Structure formats: structure tokens, C-alpha cells
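**Q**
Residue numbers (this note's numbering): 325 to 653.
1) Closest to residue 443 by CA distance: which of 410, 469 and 400 is it?
2) Note down, one range per segment and in chain order, each alpha helix (DSSP H) of at least 4 residues found wholly within the segment 540-566.
3) Does the count of Cβ pairs from the segment 479-492 and the segment 410-430 closer than 8 angstroms reach three?
4) In this structure, what does DSSP give as the bridge partners for residue 575?
5) Who does residue 327 pair with in a DSSP beta bridge?
6) First and last residue of the beta strand (DSSP E) that includes residue 361?
7) Work out the CA separation of residue 583 and residue 526 for me, nearest whole Å.
8) So, do the segment 539-553 and the segment 485-499 have three or more beta carbon pairs nearer to each other than 8 angstroms?
9) Spell out the partners DSSP gives residue 344 in its beta bridges.
10) Report buried or exposed for residue 354, applying the criterion of at least 16 other Cβ atoms within 10 angstroms of its Cβ.
11) Compute the distance between the beta-carbons of residue 536 and residue 606, then report whether it is under 8 angstroms.
12) Looking at the secondary structure, which residues open and close the beta strand (DSSP E) in which residue 462 lies?
13) Going by alpha carbons, who is nearest to residue 433 out of 490, 588, 559 and 610?
14) Does the segment 620-636 come into contact with the segment 552-571, if we say contact requires no fewer than three beta-carbon pairs (one atom in each stretch) closer than 8 angstroms?
15) State the DSSP-derived secondary structure class of residue 584, mapped to helix, strand or coil.
16) Between residue 325 and the rest of its own chain, which residues show a CB-CB distance below 6 angstroms, the 5 nearest in sequence each way excluded?
17) Round the Cβ separation of residue 559 and residue 345 to the nearest angstrom and send it over; I've been treating them as touching at under 8 angstroms.
18) Do the CB positions of residue 389 and residue 358 come within less than 8 angstroms of each other?
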């Protein structure tokens, strides 16, 4: 599939990854419709601050992924849907589980139902490594069925994304919808929200402010961080290849390091006097997280290229002025 000749809807286009995806698609020459949440439309300036050629090249649709009629209207006449709209900041799900179910599960149901009814050529659904829970194998391969404790605080987000995947596979199997599931591992880069709960943005913002870097547990738990442009290129490759599989496909960077190592790198990069402070481990927080990307590499040549040191430096350059501006307000 040649994406440059297609009309493509990006849900969650005003989000961190979605905004980068929109700009990449515009660069390919695609006809892009950006679906943004109307209650937070342009709340952090992506549209205003994006290049002029991007603003002039996209059709912005403001709505709510939870509204089936709005989703159907947004998807009308679109060939491909890149479905990123979701609530992602896990700590917020502790006290608003209903919002996560409505958005992440019912919102995905609205997309795949509309794709079936409208005859949409292809849907790429973004899932998450959280579906693996405490993994039974390391690194995590797509055949790992996952172990999520439904009783812990993190489960609402993980189980909701598992349910969304199930809907995608059901509609592929029963209704012939060409829907593909990408499992995204930790992603970072410019445009991360200052308070989104991701460990990279948390550490960088705390270091910039001279605050203690918050580490939950002993800090020996591992993560693998993928720079956003590498991730987006993988998503686009998955979207445009004519494949026999609906996934799931892992997308992430297999370079693994401890949270404590990440904190040390951030302090060195920022030149911050911040110290480290340890808090109780978060219930359900996996000890190890590293993607096996062999399937993505074999199917469409996915190979993240941005080093963590470079990616952190580029992210810092974006976060520094925004943190200063926020603190001065």
C-alpha cells in the first residue's frame, strides 16, 4: 500500500506520538485528517507550533473517540486509520477507571465497527507492552500471553488495552477488517507532556527543577526506551506493507537498562544537583521490560537507530524551555 496516495485518519493526533505521526505522513505526501479531542484541542500548542506546511496540509476534525457517530463521520472517505487515541497516563486510571474503559475499549470498538461498516481498507491499532504484565519470558515475544494481576492498581489500563486488542482480532476474524495491532514499548522524545507520568519526562523535569528524582522500589527494574521518530517509522512500515498477519507486533528499542541507570544518565546530561529519592515499589510494576523485535525486523525491516544519549539530549532541548515557561507562569 502506498500511503502517499491515501487519505489517512490519525486518531489522537494531538498527542505526543500522534503529532509526530501526522508530520511524518504529511512528509510522505498523504492526505491527512487529524482527529483531536475537542475538550483539550491544541491544549499544548502542537497545531500552532507545527510548521506552516503541516498546518496547511491537514484536515483537523475535533471530536471524541467515545462518540460512535463522531468517529464514523471522521472516518468517512478515509482509506486508512491510524488509531492512537487513548488515555495513557497509568496513575490517572487509579481513580478514573470508567474513563479508561470508555476511551480505550469502547473507543476502539467504535473505530473497528465504523471500519467494518465503511469498508475502510486498513486500521492500525496501537496497543502497549503493558498487556504482558509481569512477563513469563524475557525479552517479551508476541507469543507471551501475559500475566496481569486484575487486583493491582495498574490493571485497569493493561486489561483495557488487552480487551481492545481482542476487539481488533474479533473484527479481523469475523468481519474481515484489515486491522493490525502494534504493541508499543516505552517511547520518549520531544513533545512529551510535562506531567504525563512517563519516567523519562518525570526524570528530566525533576532534574531541570533541581528536585529529587523519584524512584519507585530499588531502581533495578529494567525498561527499554524507543525514540519517537524510530517508533513512528516502524508504525508506518507496518501500515503500508501487505502482510498476512494482523499481529500483534512489538515496536520498541531492545536496548535494556535499569531505571537507576536512566536516572544517572539524566543527572549527568542535565548537570543537575538533584538527588535520588526512593519510594515504595508500585504494585504490579513489572521487573523487566524489553521487546523482542525479531518479527518486526523480519516483516518490514524495523530497526531503531537513535541512541538513548542522543534521544535524551533532543528531548531535553524540547522540555527545558517548556518547563521554564510553566514554572514562570
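Cβ atoms here follow ideal geometry from the backbone N, Cα and C, with glycine treated the same way. Remember, predicted model here, so these are calculated numbers, not experimental data.
**A** If we stick to the structure as given:
1) 400
2) 552-564
3) yes
4) BP columns for residue 575 point to 508.
5) According to DSSP, residue 327 bridges with nothing at all.
6) For residue 361, the enclosing beta strand (DSSP E) begins and ends at 355-361.
7) 12 angstroms
8) no
9) Residue 344 pairs with nothing; no bridge assigned.
10) buried
11) Result no, Cβ atoms of residue 536 and residue 606 do not sit closer than 8 angstroms.
12) Note, residue 462: premise wrong, no beta strand (DSSP E); not H, not E.
13) 490
14) yes
15) Here residue 584 sits in helix by DSSP.
16) 564
17) 7 angstroms
18) no
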